[in-house]
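Below is one structure, written out as structure tokens, with a few remarks after it.
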Amino acid sequence: MLSGAVNMELNNVVSNKSSVYLALSFRRLCLATVGLPLVSLLFCFITAYIFQQDDIHETHCRVYNILPSISAITGVSPQRYLWRISIALHIGPRLVIASVYHSYYYKILKNIEDVPLQITGSRLLNLCYWLNIAEIAALSGVTYISNRENYSVHEKIFIVFMISSLTYMLTAVRLGRLITPNAQSLQYKQVLFMTSLVSTIFLIIFFLKHRLLCHDLAFSWFSLCEYVIAFANMGFHITVVSDFPEEQLIVGHGLPAVKID
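Under my numbering, the first residue of the sequence shown is numbered 272, with each subsequent residue one higher.
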């Protein structure tokens, strides 16, 4: 994350313990960031499935259903409050991680002598960054505007989330193939992107079967696809620990300024 003279200067400052107020493992921050929604989602599912089956199994067509959607288990009370708190705590670190990734790839691109490759990489990098921000914003919207409060708006924001998430994954994989083709995380990202893409296709199919044809269990299959997409999305974002296994976020007095380009 830091290199050259800046890294040497930082090491000198860090050696003076009185100048450092906080040194946080970036790996642990990333694990906690993904762990928050994961644990909250599992808690919401278990408690809602045990205690609120009538509420979470209510569907548009009122047909037989065994698996509730994520919106259903995070839209009932009190689970909605836990889910909203976890996402609130999740958003801040996600923005930090997005900025660190942008800076990381930007520094790699600066050292590439192939001008056309550098231009293409820069465009992909900027697109990747803003798609990531759009995904985070859509996640906030779909969390705080539940389907029970305003289904129409919730549905539209969910579509934005799905599109921004998939296009971000695709762009990140394309960028990785271009400038870090040997990165171990790239292999995981490719598998997780394909998992999300295939699951999204089936999600659309089962949603249409439920919405238009009211087939039994169609909504359960839709929900299953939704969970697979959610876990694949979390897995995709946790691959950051492979790219930054030992880096730290440091707050201190007199530290050299490191610009995030």
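Glycine included, each C-beta is placed from N, C-alpha and C at the ideal position. Because the structure is a prediction, the values reported are computed rather than measured.
Own chain partners of residue i with C-beta closer than 7 angstroms, once the 5 adjacent residues on each side are dropped
{"i": "ALA276", "result": "Residue confidence is low: ALA276 scores 44 on pLDDT, short of 50, so the model does not pin down where it sits. Its coordinate-derived value is still stated next. Hits under 7 angstroms: none found."}
{"i": "PHE429", "result": "VAL413"}
Span of the beta strand (DSSP E) around residue i
{"i": "GLY447", "result": "Segment 422-450 is the alpha helix (DSSP H) holding GLY447; no beta strand (DSSP E) there."}
{"i": "ASP416", "result": "With the sequence shown as reference, residue 416 is identified as Ile, and Asp is not the correct amino acid for it. Segment: none, ILE416 is in no beta strand (DSSP E) and carries neither H nor E."}
{"i": "LEU293", "result": "291-296"}
{"i": "ILE521", "result": "519-523"}
Residue i - containing alpha helix (DSSP H), residue span
{"i": "SER494", "result": "489-509"}
{"i": "ILE475", "result": "455-479"}
{"i": "ILE383", "result": "Where ILE383 is concerned, there is no enclosing alpha helix (DSSP H), given that its DSSP letter is neither H nor E."}
{"i": "ILE341", "result": "341-344"}
Beta-carbon proximity list for residue i, same chain, < 6 angstroms, skipping 5 on both sides
{"i": "PRO308", "result": "SER357 and HIS361"}
{"i": "PRO419", "result": "Position check: residue 419 holds Arg in this sequence, whereas Pro was assumed. Excluding sequence neighbours, ARG419 sits near GLY346."}
{"i": "LYS427", "result": "none"}
{"i": "GLN323", "result": "VAL347"}
Other residues of its chain near residue i: CB distance less than 8 angstroms, five sequence neighbours each side excluded
{"i": "PHE477", "result": "ALA489, PHE490, TRP492, PHE493 and CYS496"}
{"i": "ARG445", "result": "LEU395"}
{"i": "TYR320", "result": "ILE327, PRO339 and ILE344"}
{"i": "PRO516", "result": "ARG298"}
{"i": "LEU302", "result": "ILE509 and VAL512"}
{"i": "MET272", "result": "The pLDDT assigned to MET272 is 47, lower than 50, so where the model puts this residue is not dependable, and the model offers no usable value."}
{"i": "THR330", "result": "ASN336, HIS481 and PHE490"}
{"i": "ILE404", "result": "LEU366 and ALA369"}
Test item: CB-CB of residue i and residue j under 9 angstroms
{"i": "ILE341", "j": "TYR439", "result": "no"}
{"i": "HIS481", "j": "CYS332", "result": "yes"}
{"i": "LEU402", "j": "SER435", "result": "yes"}
{"i": "MET505", "j": "VAL305", "result": "yes"}
{"i": "PHE464", "j": "PHE507", "result": "yes"}
{"i": "GLN519", "j": "ALA294", "result": "yes"}
{"i": "LEU449", "j": "THR391", "result": "yes"}
{"i": "SER456", "j": "ILE500", "result": "no"}
{"i": "LEU441", "j": "PRO364", "result": "no"}
{"i": "LEU437", "j": "LEU410", "result": "no"}
{"i": "ALA443", "j": "CYS399", "result": "yes"}
Counted within 10 angstroms of its Cβ, other Cβ atoms place residue i as buried (16 or more) or exposed
{"i": "ILE407", "result": "buried"}
{"i": "VAL522", "result": "exposed"}
{"i": "SER274", "result": "Because the pLDDT of SER274 is 45, which lies under 50, any placement of that residue in the model is unreliable, and the question is left without a value."}
{"i": "ASN336", "result": "buried"}
{"i": "ASP532", "result": "Any reading at ASP532 is ruled out, since the residue's pLDDT is 49, under 50, leaving its predicted position unreliable."}
{"i": "SER423", "result": "exposed"}
{"i": "GLN584", "result": "This structure cannot speak to residue 584, because the chain is shown only from 272 to 532."}
{"i": "LEU380", "result": "buried"}
Next item on the list: Please go through the stretch 309-335 and give each complete beta strand (DSSP E) segment of 3 or more residues, from N-terminal end onward.
Entry: none
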